[in-house]
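Everything below concerns the one structure shown next.
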Amino acid sequence: MALHVGTVTLAIVVALVPGCSSKVGFPKDQKMDVLFPPYIVPAGHGIPDGHLRPLGWQKRSSGRIRETPEMPSAHALYVKYIKNSKPVLIHDALQDVQAMEDWESDVYLKQQFGSLNVTVTIKRQALMQEPLHESHVMKFKKFLIDYRFEEWYLVTPIPKKMMTELPLPSCLRCGTFYDRLYEARLWMSSGGTASRLHSHEDHDLHCVLFGRKDFIIIDEKYRNNFNFVENYKNSGSGHSTMDVERVNMYKFPEVANTPWHHATLTSGDCILIPAGYIHQVRSYGRSLSFSILFSPSLEFDSSDCKKILSSNNEVKEEEGLTERTTLADAQYMWIDGDGHRVLSFDRMEPVLLRSTLLHLMRTKENFYLEQFEHFYNDAMKRLSKEMALHVGTVTLAIVVALVPGCSSKVGFPKDQKMDVLFPPYIVSGRTRYSGPVICGPIGPAAGSTTPEMPQCACPVREVYQEQQACANTRRLQMSRPWRTGRVTSNLKAAVREPDVTVTIKRQALMQEPLHESHVMKFKSS
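The sequence shown lines up with residues -22 to -1, 1 to 503 when you count with mature numbering (1 follows the signal peptide of the UniProt record, and there is no 0).
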């Protein structure tokens, strides 16, 4: 008895004391026969029901979400569920998936993918404080060794090598959904784990390979009942600061009046959670699943989906082309970058930027500065300071040129060079670059003390004859040194007060530029 109590006490101490490892020398409980939704027993004695109990013990569930026995077509998924913002549980959605046999063993995962870097969340909790969730990048094999003992769970962008063994759900293989794939994530844990109460601004299709997952799903209109914190202003995504494992009913009394629905997923099931829905997930056993986020859109186009007859001879849409069978066959905005979440493109061309901004707007009528700032910060996380400054300057310059209502003042002076090659040197030959082919001097050569010999750069990818063009433009010489600073100062001193007419050029996305005339002091212009 003493040994037993001592073991239990030790387990409690290492779980609660800050700085202690949660590795307790024995694997976590793998049972999955948990009662859900819970049977609620009134607390009595004036104590609110469910006080300091997990979320779901405060009020009975309003029932299961909608269920369907098979994966719907892309068109049916949109019409029945996404258009009306209705969550749905899809039974037996994953069929004939080889990973459901191979990935059953951690030995296979370690042999095939152990050297890959993944993002692991470590949960730490001190006495009577809200838990801390810290993200760390580590080798997948290290996670596989320790996750059965530690308070660890894996939430990582799926590496390309692993994507080749995971299926792309048939409903996402064509139509607007395929064009708006945002990110694919892998989830893995051991024993009972619980996520925060949170929401996404994208639709979430979550599929379970192994284990069991219980979902609590709440309409987004109740987010104020949970002290919900948005990721940024006007965002559809965020999380609650409430401890979902020990709900303080004196601090969150409205939880008792908040309706919620539930769903339980086992191997082969998928769940669609429309954008904005608040949800919390509990995992049991050896849990392994993947999710695909895809962005909402104002319209749905399924013209590229094949048409076939269903079992009852009704016209049905085939869920995409046969070559789009794995997650690796699709394109996403965010992908894995050696364990980190990175953009799938490394160069922001104007056309690509426009597509990205429209993608980020989703179904909103306006594109908010806070939203772009959030996206920008995510994109810059893994870049060096020097690279971040360079890319950030270029991106900002493009944004203020494309987004209506933005000032064109970008924080740095415009280029004052006059040694532009005109008429331009026409480059012939094959090219894969969709923009204009332009060659011209861009400034003094690196390390050069003579400003008369400018460098040359051709912003063209794989142009076969650009080298000769650059060689020709390099022979250009500047006619005289620049003195713009002194000239500008003299003009301001000579003509300071008179009013002048200034034309301001503004241009919105894919629209003709507007030229507006304004009267201002000459010194301001």
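Virtual Cβ for every residue (Gly too), placed ideally from N, Cα, C. Just so you know, these numbers come straight off a predicted model, no measurement behind them.
(1) DSSP beta-bridge partners for Asn235?
(2) Do the CB positions of Asp182 and Ile251 come within less than 8 Å of each other?
(3) Check Asp247 in the structure and name its three-state DSSP category.
(4) Can you tell me whether Gln309 is buried or exposed? The criterion is at least 16 other CB atoms within 10 Å of its CB, across all chains shown.
(5) For Met227, name the three-state secondary structure that DSSP assigns.
(6) At what residues does the beta strand (DSSP E) containing Ala162 begin and finish?
(7) Quick check: the Cα distance between Gly34 and Val186, rounded to an integer number of angstroms?
(8) Alpha carbon to alpha carbon, what distance is there between Asp397 and Arg453?
(9) Can you tell me whether Thr394 is helix, strand or coil according to DSSP?
(10) Please classify Tyr160 as buried or exposed, where buried requires at least 16 other C-beta atoms within 10 Å of its C-beta.
(11) Enumerate in chain order the residues of its own chain whose CB-to-CB distance from Phe345 is below 8 Å, with the five nearest sequence positions on each side excluded.
(12) Quick one: complete alpha helix (DSSP H) runs, 4+ long, within the region 42 to 88?
(13) In angstroms with no decimal places, state the Cα-to-Cα distance between Gly425 and Ser273.
(14) If Asn212 and Gln349 are in contact, beta carbons under 8 Å, what's the gap, nearest whole angstrom?
(15) Arg44 to Leu276, Cα distance in whole Å?
(16) For Val115, count neighbouring Cβ atoms within 10 angstroms of its own Cβ and tell me buried if that reaches 16, exposed if not.
(17) May I have the straight-line CA-CA distance separating residue 527 from Lys284, to the nearest angstrom?
(18) Helix or strand or just coil, what does DSSP make of Cys149?
(19) For Met311, name the three-state secondary structure that DSSP assigns.
(20) Are Arg126 and Pro5 touching if we call contact CB-CB under 8 Å?
(21) Tell me whether the region 218 to 238 and the region 137 to 148 touch, counting them as touching only if at least three CB pairs, one residue from each stretch, are closer than 8 Å.
(22) Taking DSSP as the reference, what is the three-state secondary structure of Lys483?
(23) Is it true that the region 172 to 181 meets the region 210 to 225, where meeting means three or more beta-carbon pairs spaced less than 8 Å apart?
(24) Rounded to whole angstroms, how far is the Cβ of Pro147 from the Cβ of Ala54, which I believe are closer than 8 Å?
(25) With 16 other CB atoms within 10 Å as the buried threshold, where does Gly153 fall?
(26) Sorted by chain position, which residues of the same chain lie with C-beta nearer than 6 Å to Val98's C-beta, five sequence neighbours on each side aside?
(27) Kindly indicate the opening and closing residues of the beta strand (DSSP E) around Asp180.
(28) Using the beta-carbon count (16 or more within 10 Å), is Ile60 buried or exposed?
(29) Where does the unbroken alpha helix (DSSP H) through Arg319 begin, and where does it stop?
(30) Along the beta strand (DSSP E) that carries His29, what are the first and last residues, could you check?
(31) Put Gln36 into one of helix, strand or coil per three-state DSSP.
(32) Looking only at its own chain, which residues have a Cβ that is under 7 Å from the Cβ of Phe278, when we skip the five neighbours before and after it?
(33) Alpha carbon to alpha carbon, how far is Arg264 from His352?
(34) Three-state secondary structure (DSSP) at Ile194?
(35) With a threshold of 6 Å on Cβ separation, who are the neighbours of Met498 within its own chain once the five nearest residues in sequence on each side are excluded?
(36) How big is the Cα-Cα spacing for Arg260 and Ser333?
Quick answer:
(1) Translated into the one-based positions of the sequence shown, residue 235 becomes position 257. Beta-bridge pairing links Asn235 to no other residue.
(2) Start at 1 with the first residue of the sequence shown, and residue 182 comes out as number 204. Start at 1 with the first residue of the sequence shown, and residue 251 comes out as number 273. It is a contact, given that the beta carbons lie within the stated cut-off.
(3) The sequence position of residue 247 within the sequence shown is 269, counting from 1. Asp247: coil per DSSP, three-state reduction.
(4) The residue given as residue 309 occupies position 331 in the sequence shown. The residue is exposed, with fewer than 16 neighbouring Cβ atoms inside 10 Å.
(5) As a working note, residue 227 is residue 249 in the sequence shown. Met227 falls in the coil class under three-state DSSP.
(6) As a working note, residue 162 is residue 184 in the sequence shown. For Ala162, the enclosing beta strand (DSSP E) has its first and last residue at Leu159 to Ser168.
(7) Walking along the sequence shown from the start, residue 34 turns up at place 56. Walking along the sequence shown from the start, residue 186 turns up at place 208. Each residue's Cα considered, the two are about 22 Å apart.
(8) Reading the sequence shown from its first residue, position 475 is the one you call residue 453. Reading the sequence shown from its first residue, position 419 is the one you call residue 397. Here the model assigns Arg453 a pLDDT of 35, short of 50, so the residue's position is not dependable and the matter cannot be decided.
(9) Here the question's residue 394 lines up with position 416 in the sequence shown. Looking at the sequence itself, residue 394 is Gln, so the reference to Thr does not match. Assignment of Gln394 by DSSP, reduced to helix, strand and coil, places it in the coil class.
(10) The residue given as residue 160 occupies position 182 in the sequence shown. Tyr160 comes out buried.
(11) Translated into positions along the sequence shown, residue 345 becomes position 367. Correct list, in chain order: Leu335, Leu338, Met339 and Val381.
(12) 52 to 55 and 77 to 80
(13) Here the question's residue 425 lines up with position 447 in the sequence shown. Here the question's residue 273 lines up with position 295 in the sequence shown. At Gly425 the pLDDT is 46, less than 50, meaning the model places this residue with poor confidence and gives no usable figure here.
(14) As a position in the sequence shown, residue 212 is number 234, starting the count at 1. As a position in the sequence shown, residue 349 is number 371, starting the count at 1. Going by Cβ atoms, the distance from Asn212 to Gln349 rounds to 7 Å, so yes, they are a contact pair.
(15) For the purposes of this step, residue 44 is taken as the residue at position 66 of the sequence shown. For the purposes of this step, residue 276 is taken as the residue at position 298 of the sequence shown. One C-alpha to the other measures close to 24 Å.
(16) Walking along the sequence shown from the start, residue 115 turns up at place 137. Counting Cβ neighbours within 10 Å, Val115 comes out exposed, since fewer than 16 surround it.
(17) No answer is possible for residue 527: the residues shown for the chain start at -22 and end at 503.
(18) Here residue 149 refers to the residue found at position 171 of the sequence shown. Cys149 falls in the helix class under three-state DSSP.
(19) Numbered from its first residue, the sequence shown carries residue 311 at position 333. In the structure shown, Met311 falls within a coil segment according to DSSP collapsed to helix, strand and coil.
(20) For the purposes of this step, residue 126 is identified with residue 148 of the sequence shown, where counting begins at 1. For the purposes of this step, residue 5 is identified with residue 27 of the sequence shown, where counting begins at 1. Result yes, Cβ atoms of Arg126 and Pro5 sit closer than 8 Å.
(21) No, the region 218 to 238 is not in contact with the region 137 to 148.
(22) What you label residue 483 is simply residue 505 of the sequence shown in a count that begins at 1. Here Lys483 sits in strand by DSSP.
(23) yes
(24) Along the sequence shown, one-based indexing puts residue 147 at 169. Along the sequence shown, one-based indexing puts residue 54 at 76. In fact, because the Cβ distance is near 13 Å, the residues do not count as touching under 8 Å.
(25) Within the sequence shown, residue 153 is the residue found at index 175, counting from 1. It counts as buried.
(26) Here residue 98 refers to the residue found at position 120 when the sequence shown is read from its first residue. Contacts found: His114, Met116, Phe121, Trp130 and Leu132.
(27) Against the sequence shown, residue 180 aligns to sequence position 202. No beta strand (DSSP E) contains Asp180, which DSSP labels as neither H nor E.
(28) Your numbering for residue 60 matches position 82 in the sequence shown. Under this definition Ile60 is a buried residue.
(29) Position 341 of the sequence shown, counting from 1, holds the residue named residue 319. Arg319 -> not in any alpha helix (DSSP H); beta strand (DSSP E) instead, spanning His318 to Leu321.
(30) Translated into the one-based positions of the sequence shown, residue 29 becomes position 51. Here His29 belongs to no beta strand (DSSP E), and DSSP marks it neither H nor E.
(31) Indexing the sequence shown from 1 puts residue 36 at position 58. Coil at Gln36, not helix or strand.
(32) Residue numbering aside, residue 278 sits at position 300 when the sequence shown is read from its first letter. The beta carbon of Phe278 sits closer than 7 Å to the beta carbons of Tyr56, Gly153 and Thr154 from its chain, once the five residues preceding and following it are set aside; these are given in chain order.
(33) Position 286 of the sequence shown, counting from 1, holds the residue named residue 264. Position 374 of the sequence shown, counting from 1, holds the residue named residue 352. When rounded, the distance between both Cα atoms is 34 Å.
(34) Against the sequence shown, residue 194 aligns to sequence position 216. Residue state, collapsed to three classes: strand.
(35) Taking the first residue of the sequence shown as 1, we reach residue 498 at position 520. Answer for Met498: Val480, listed in chain order.
(36) Mapped onto the sequence shown, residue 260 falls at position 282. Mapped onto the sequence shown, residue 333 falls at position 355. Approximately 36 Å, taken between the alpha carbons.
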